[in-house]
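A.B. asks: Sharing a structure below in structure tokens format, with a few things to ask.
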Amino acid sequence: MAQEPLYERLAQRLRGQIQRGVLRAGERLPSLRRLGRDQRISLATAIEAYLQLEREGLIEARPRSGYYVRAASLPAPRAAAAHRAARAPQPIRNPALLGVLDVLGRTDVVPLHAATPALPLLPTAALSGAVSRALRRDPAAALNYAIPQGLPALRQRIAQRYAQCGADVDPDEIVITAGAMEAISLALRTVARAGDVVMLETPTYYGLLQAVAAQGLRVIEVPNRPGSGIDAARAAELLERHAVRAAVLMPNFNNPLGSLTGDDDKRALLAACAAHGTVAIEDDLYGELAYSGIRPAPLRAFDRDGATITCGSYSKMLSPGLRVGWALGGRWSSALLRAKCFSTVATATLPQQAIVEYLARHDFDRGLRRLRRALADNAQRYRQAIAEHWPSGTRVAEPAGGMALWVELPDGADGQALFEAALAKGIGILPGHLFSNRGDYRRHVRLSCGLAWDARTEAALRTVGRLASRLL
Ligand SMILES: Cc1ncc(COP(=O)(O)O)c(C=O)c1O
Numbered sequence: 001m002a003q004e005p006l007y008e009r010l011a012q013r014l015r016g017q018i019q020r021g022v023l024r025a026g027e028r029l030p031s032l033r034r035l036g037r038d039q040r041i042s043l044a045t046a047i048e049a050y051l052q053l054e055r056e057g058l059i060e061a062r063p064r065s066g067y068y069v070r071a072a073s074l075p076a077p078r079a080a081a082a083h084r085a086a087r088a089p090q091p092i093r094n095p096a097l098l099g100v101l102d103v104l105g106r107t108d109v110v111p112l113h114a115a116t117p118a119l120p121l122l123p124t125a126a127l128s129g130a131v132s133r134a135l136r137r138d139p140a141a142a143l144n145y146a147i148p149q150g151l152p153a154l155r156q157r158i159a160q161r162y163a164q165c166g167a168d169v170d171p172d173e174i175v176i177t178a179g180a181m182e183a184i185s186l187a188l189r190t191v192a193r194a195g196d197v198v199m200l201e202t203p204t205y206y207g208l209l210q211a212v213a214a215q216g217l218r219v220i221e222v223p224n225r226p227g228s229g230i231d232a233a234r235a236a237e238l239l240e241r242h243a244v245r246a247a248v249l250m251p252n253f254n255n256p257l258g259s260l261t262g263d264d265d266k267r268a269l270l271a272a273c274a275a276h277g278t279v280a281i282e283d284d285l286y287g288e289l290a291y292s293g294i295r296p297a298p299l300r301a302f303d304r305d306g307a308t309i310t311c312g313s314y315s316k317m318l319s320p321g322l323r324v325g326w327a328l329g330g331r332w333s334s335a336l337l338r339a340k341c342f343s344t345v346a347t348a349t350l351p352q353q354a355i356v357e358y359l360a361r362h363d364f365d366r367g368l369r370r371l372r373r374a375l376a377d378n379a380q381r382y383r384q385a386i387a388e389h390w391p392s393g394t395r396v397a398e399p400a401g402g403m404a405l406w407v408e409l410p411d412g413a414d415g416q417a418l419f420e421a422a423l424a425k426g427i428g429i430l431p432g433h434l435f436s437n438r439g440d441y442r443r444h445v446r447l448s449c450g451l452a453w454d455a456r457t458e459a460a461l462r463t464v465g466r467l468a469s470r471l472l
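Here the sequence shown is numbered in UniProt numbering, starting from 1 and rising by one per residue.
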């Protein structure tokens, strides 16, 4: 009998190690060069073995990082059925949205509910140095009002960053805000009036539902699909049928799905918005946190008319507490600036200066690479723990970026009951119904994988899995 090729024998050995748990999900495999040296095989054989395991879905290549063991394959949650999401526009009617505030304030729980990278993943020491330096350098300026639009040096940095992903942005059209959330609220206030209809994704981030509720707007929902993102064809149908003033969308890593909408769908969405006079407001908060290392284009990169408003912030990349975000206002920039000025005058000066200081002295890209890698690792490890410890029939989305994990529990489960049971054990998660206007997703929960993978995190995931089984 012909002997198996060398690469297959090597693949078999590694396959066995993965199956026996010697190599665990999220763990990095030896580099190709090291494998070649250790096993005394050629680089080509090592590459072939890894490619074989990659085809089998056991390992994955991460650009500029290496090969990693993937989590056991878990089915993805099902997409929202289009007919369920296609009802007439409705006012925000999910009373649970008010209750989110209670859990966000809890500091006494394992925070699997908070979409924030753990502090060690953020450049905390460098940023506190930047705050001190900014204050020392010019205390009078740091403690005075900034100009309402925001510091020119910061706006220039933001424009440069967008240029790298194909979006031509003029620093003068940027308005600095207190986080992306303020940018989105100002954008809505600028383009819509109470009673107007806005299009949101389903599932969507609960903060967007709250912003829409605060302004008395009505909602129509377009499905976002695990793995493939916003259903652009469905969005076009809805825009055809209803007079929709604005569409608030997360093409780059929807929270809670972590899905990425492809460039063709982004173009189709923009074309449909343009055809119906709908303003696309893009929540690009997670755009820089692609696990592939390739920053996907924002909608703005495809928009030559300045008809979109792209919102972002440093919250998930540097610090959520500094509260520095932005809106790329395009043709709405003067109206946005007025809205900003009339509501909070200007964003706090010192945090803006601190970020300028940080960006001037530190390697932002290096920090981001580290963060992306850690989040990608965490996502795999968390998914593996869910596969091992949660009831069978549980489905988990595989995020392509960001830090949200969307979990669909088996038939008969209740996300709210699991949320309450977990909270009673000192573990924060969020019930799925917060991510829809009408309280859909009763069987879902959302976790954040921003927390470092350690014994406490693993124990918390095991406990929630046990609670989920018991509640069934
Ligand atoms: C999708 C999404 N948009 C906006 C925000 C708010 O971001 P910021 O802290 O910049 O206001 C969050 C926070 O978790 C989010 O997940």
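Cβ coordinates follow ideal geometry from the N, Cα and C atoms, glycine included.
1. Which residues, in chain order, sit with a beta-carbon under 6 Å away from any heavy atom of ligand 1?
2. Taking only three categories from DSSP, how would you classify residue 413?
3. Who are the Cβ neighbours of residue 151 in its own chain at under 8 Å, not counting the five residues just before and after it?
4. In whole angstroms, give me the CA-to-CA distance for residue 106 and residue 448.
5. Secondary structure at residue 90, three-state DSSP: helix, strand or coil?
6. In chain order, what are the residue ranges of uninterrupted alpha helix (DSSP H) at least 4 long that sit wholly in the UniProt domain "HTH gntR-type" (4-72)?
7. Residues bridged to residue 201 by DSSP?
8. Which residues does DSSP pair with residue 252 in a beta bridge?
9. Helix or strand or just coil, what does DSSP make of residue 398?
10. Going by DSSP in three states, residue 120 sits in which element: helix, strand or coil?
11. Pick out the complete alpha helix (DSSP H) segments inside the stretch 112-166, 4 residues or longer, and give them in chain order.
12. Compare the C-alpha of residue 128 against each of 297, 321, 465 and 162 and name the closest.
13. Looking only at C-alpha atoms, which of 445, 390, 396 and 458 sits nearest to residue 466?
14. Per DSSP, what kind of secondary structure is residue 1 in: helix, strand or coil?
15. With a threshold of 8 Å, are at least 3 pairs of Cβ atoms found where one atom belongs to the stretch 2-16 and the other to the stretch 43-55?
16. Can you tell me whether residue 117 is buried or exposed? The criterion is at least 16 other CB atoms within 10 Å of its CB, across all chains shown.
17. Give me the DSSP bridge partner(s) of residue 308.
18. Relative to the alpha-carbon of residue 387, which residue among 312, 468 and 307 has its alpha-carbon at the smallest distance?
19. How would you label residue 427, buried or exposed, when you count the other beta carbons within 10 angstroms and need 16 or more for buried?
20. Where does the unbroken alpha helix (DSSP H) through residue 176 begin, and where does it stop?
21. Bridge partners for residue 433 per DSSP, in chain order?
22. Which residues in the same chain have their Cβ closer than 6 Å to the Cβ of residue 67, if we skip the five residues on either side of it in sequence?
23. Helix, strand or coil for residue 334 per DSSP?
24. Determine the contact status of residue 248 and residue 208, defining contact as a CB-CB distance below 9 Å.
25. Cutting at 7 Å between CB atoms, please list the residues of its own chain near residue 431, excluding the five before and the five after it.
26. Quickly, what does DSSP pair residue 362 with across the bridge? List them, please.
27. Are residue 410 and residue 443 closer than 9 Å when you measure CB to CB?
28. Return the chain-ordered list of same chain residues with a C-beta closer than 7 Å to the C-beta of residue 220, the five sequence neighbours on each side being excluded.
C.D. replies: In terms of the structure at hand:
1. 115, 179, 180, 181, 205, 207, 250, 255, 283, 285, 313, 315, 320 and 325
2. Here residue 413 is taken as the residue at index 413 of the sequence shown, counted from 1. DSSP places residue 413 in coil when its eight states are reduced to three.
3. Counting from one through the sequence shown, the residue named residue 151 turns up at place 151. The residues are 176, 349, 352, 353 and 356.
4. The sequence position of residue 106 within the sequence shown is 106, counting from 1. The sequence position of residue 448 within the sequence shown is 448, counting from 1. Residue 106 and residue 448: Cα-Cα distance of roughly 15 Å.
5. As a position in the sequence shown, residue 90 is number 90, starting the count at 1. Three-state result, residue 90: strand.
6. 6-19, 32-39 and 43-55
7. Within the sequence shown, the letter at position 201 stands for residue 201. Per DSSP, 222.
8. Against the sequence shown, residue 252 aligns to sequence position 252. Answer is 260, bridged to residue 252.
9. For this step, residue 398 is matched to residue 398 along the sequence shown. In the structure shown, residue 398 sits in coil (DSSP, three-state: anything other than H, G, I, E or B).
10. The count along the sequence shown starts at 1 and reaches residue 120 at position 120. DSSP places residue 120 in helix when its eight states are reduced to three.
11. 124-137, 139-142 and 152-164
12. Within the sequence shown, the letter at position 128 stands for residue 128. Minimum Cα distance to residue 128 is reached at 321.
13. Numbered from 1 along the sequence shown, position 466 holds the residue referred to as residue 466. For the residues 445, 390, 396 and 458, the minimum Cα distance to residue 466 belongs to 390.
14. In the sequence shown, the residue the question calls residue 1 occupies position 1. Confidence is the limiting factor: at residue 1 the pLDDT is only 46, short of 50, which leaves the residue's position unreliable, though a coordinate-based value still follows. Of the three classes helix, strand and coil, the one that applies to residue 1 here is coil, per DSSP.
15. yes
16. Start at 1 with the first residue of the sequence shown, and residue 117 comes out as number 117. With 16 or more Cβ atoms within 10 Å of its Cβ, residue 117 is classed as buried.
17. Translated into the one-based positions of the sequence shown, residue 308 becomes position 308. Paired residue(s): 280.
18. Sequence index remark: in the sequence shown, residue 387 carries index 387 (1-based). The shortest Cα separation from residue 387 among 312, 468 and 307 belongs to 468.
19. On the sequence shown, residue 427 is found 427 positions in, with the first residue counted as 1. Answer is buried; the Cβ neighbour count reaches 16.
20. For the purposes of this step, residue 176 is taken as the residue at position 176 of the sequence shown. First-last for residue 176: 174-177, but that is the beta strand (DSSP E), not the alpha helix (DSSP H).
21. Here residue 433 refers to the residue found at position 433 of the sequence shown. Residue 433 pairs with nothing; no bridge assigned.
22. For the purposes of this step, residue 67 is taken as the residue at position 67 of the sequence shown. Here the set comprises 29, 50, 59 and 61.
23. In the sequence shown, the residue the question calls residue 334 occupies position 334. Of the three classes helix, strand and coil, the one that applies to residue 334 here is helix, per DSSP.
24. By 1-based counting over the sequence shown, the position of residue 248 is 248. By 1-based counting over the sequence shown, the position of residue 208 is 208. Yes, Cβ-Cβ distance for residue 248 and residue 208 is below 9 Å.
25. The sequence position of residue 431 within the sequence shown is 431, counting from 1. Cβ within range, chain order: 415, 416, 419 and 445.
26. Your numbering for residue 362 matches position 362 in the sequence shown. Bridge partners of residue 362: none, in fact.
27. Taking the sequence shown and counting its residues from 1, one reaches residue 410 at position 410. Taking the sequence shown and counting its residues from 1, one reaches residue 443 at position 443. Yes; because the gap between Cβ atoms is below 9 Å, this pair is in contact.
28. Sequence index remark: in the sequence shown, residue 220 carries index 220 (1-based). If we look at residue 220 and ignore the five residues flanking it on each side, its Cβ neighbours are 89, 197, 199, 238, 242 and 244.
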